[in-house]
Structure formats: structure tokens, C-alpha cells
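Colleague: Take this structure, written in C-alpha cells, and hold onto it; I'll ask about it next.
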Amino acid sequence: MDIRYIYFDESDDLGFSEKSSKFLIISAFITDDPRKLDRIIKNARRNKLKNKLKNANEIKFNKSSPEVRKYFINKLNETCSCSGINCIMEKKKVSSPYLKENKDKLYSFAAGRLADAIKLDCDNVEIRIDKSKRKSLLRKDFNEYLSQKLKNGSNFNEPVIITHSY
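Residue numbers for the sequence shown follow the numbering used here, beginning at 24 and rising by one.
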């Protein structure tokens, strides 16, 4: 069975205040073997970067040292068949008051734009979303919306499996 795993994660914040970031970036990382990704992270934590990552619950790429960044980029390049795609939204260009006032809808909109750009030809798709939707109703709506967006232009028949980390 041919399956693709997609990891969605956002960078920066969803706010529009003076202190908020200028951009909202949502990235999707696509692979056919998530075990290889897990191994890269485990090996970094246990061996190569043990001291640099020992207090980190989550590895934040933009806050990591150049050494940590280089390590992960090199390992990804040599280890697995994977690809990445990004949606970069300049927040000052968001004109909709509805999106500005509803962060969940803003996130869904940006994730939907990203999903529209992903073209897959496989049997199954499993998506893992990083900490975005806390309420189950929002998660259900988001999952349906994202599944539909991902199916546009892709070739798979099985339902999309979506899990959310907490």
C-alpha cells in the first residue's frame, strides 16, 4: 500500500497586534516513511546533539543554533525521500476582518491554501497537525475542510487520516 505522511506545523503567531509577527508561515513536510524522521530526531537527542537538545521538549528550528539546523538539514537530505512546501502569509495583506478576529479560521484558511498546493498520487494519506485545534468541534470542521482541500488535484480514494498533537 502506497501511503504518504504529511506533517503540518506553523511558525510565528496568529495575532495582529503591534507585537505580533509580520508573517504567518505554515509548512507541510511530506514523507513515505515517518520512522526515518523519528530516527533522525532520536539520534540527535541521544548522540550528536545531546547537550544542545536535552532541555527542549520541542525543537524550534528558527531558535536553534546553526549547528543544530545544519545537522537536521544534512540528515534529511541524506536519509529519506521527503519534500516540503510552505504557505507564507504576509499578515498586513489580510483584509478580512473575519479572519483577523478568528484565529482558528485564519489558521484553517492558510492550511487550506497550503493543502491546495499539495499534489499526491498514492493510496492513503495520514496527516499530523501540530497543536492547532484544541476544541473538538473546531478540529472536526478543520479536518473536513483540510481533507477536501487536499483531495483537490490529488489522486487517492481512501479517507484522509488526521491526528492532532497536544
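Ideal placement from N, C-alpha and C gives every residue a C-beta, glycine not left out.
Going straight from the alpha carbon of Glu-33 to that of Gln-171, what length do you get?
Modeller: 20 Å
Colleague: Could you tell me whether the Cβ atoms of Lys-45 and Lys-114 are closer together than 8 Å?
Modeller: Cβ atoms of Lys-45 and Lys-114: closer than 8 Å.
Colleague: One question on the structure: do Asp-146 and Asp-56 come within less than 8 Å of each other, judged by their Cβ atoms?
Modeller: no
Colleague: Whose C-alpha, out of His-187, Ile-64, Tyr-121, Leu-161, is nearest the C-alpha of Phe-95?
Modeller: Looking at the Cα atoms, Ile-64 is the closest of the given residues.
Colleague: Within 10 Å of its beta-carbon, does Ile-111 have 16 or more other beta-carbons around it, so buried, or fewer, so exposed?
Modeller: Burial call: exposed.
Colleague: At which residue ranges does the region 38-93 contain complete beta strand (DSSP E) runs of 3 or more residues, listed in the order of the chain?
Modeller: Taken in chain order, the complete beta strand (DSSP E) segments of 3 or more residues contained in the region 38-93 are 46-54.
Colleague: Could you check where the alpha helix (DSSP H) with Gly-107 kicks off and where it finishes?
Modeller: Unbroken run through Gly-107 is the beta strand (DSSP E), 105-113; no alpha helix (DSSP H).
Colleague: Check each candidate in Ser-50, Arg-69, Leu-99, Phe-165 and name the one with the smallest Cα separation from Ser-131.
Modeller: Phe-165
Colleague: Do Ala-134 and Leu-161 come within 8 Å of each other at the CB atom, strictly closer than that value?
Modeller: no
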